[in-house]
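Here's the structure we're looking at; comments come further down.
If you want it as structure tokens, here you go:
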């Protein structure tokens, strides 16, 4: 299933996810192609971004970790062990979230994580990932 993100789907006419601010390429604080590719080369960061862009609102950190582990191992979220979730949470805290926050893409508020910006280049790359690998958005 190919998911059209609201910011990428011009036929909708309205932005269903007003909380996500599109950032045009070249603007101050924009994400360049190299930085976007670098972020997406990390499977955990890639799956975090895919999960967050498909969420309607902020996502509980533990729930997000479970979904990311499920995607990485092509399993259902209910089959992911607590130990695997705990390892993913450690990865989130030390590796994944700092880079996504520094890039201005996510906001972390206590136990919730939210996608707050999607630069055009990143959105286009995520759209391509979902087209090339339809299972990447199936969870």
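Residue numbers (our numbering): 764 to 902. A virtual CB, placed ideally from N, CA and C, is assigned to each residue, including glycine.
Cβ neighbour criterion (16 or more within 10 Å) applied to residue i
i: residue 795; result: exposed
i: residue 859; result: buried
i: residue 834; result: buried
i: residue 882; result: buried
Candidates the options, of which the one nearest residue i by Cα
i: residue 820; options: 875, 886, 885; result: 875
i: residue 836; options: 882, 807, 856, 802; result: 807
i: residue 877; options: 840, 823, 854; result: 823
i: residue 799; options: 868, 854, 894, 873; result: 868
i: residue 879; options: 853, 851, 864; result: 864
Rounded C-alpha distance that separates residue i from residue j
i: residue 809; j: residue 816; result: 11 Å
i: residue 855; j: residue 888; result: 22 Å
i: residue 896; j: residue 886; result: 15 Å
i: residue 804; j: residue 840; result: 23 Å
i: residue 786; j: residue 873; result: Confidence at residue 786 is low in this model, with a pLDDT of 44, below 50, so its placement is unreliable and no value can be given for it.
i: residue 811; j: residue 862; result: 12 Å
Quiz item: Do the region 820–833 and the region 847–860 make contact, defined as three or more Cβ pairs closer than 8 Å?
Solution: Here the region 820–833 makes contact with the region 847–860; the two share three or more CB pairs at distances below 8 Å.
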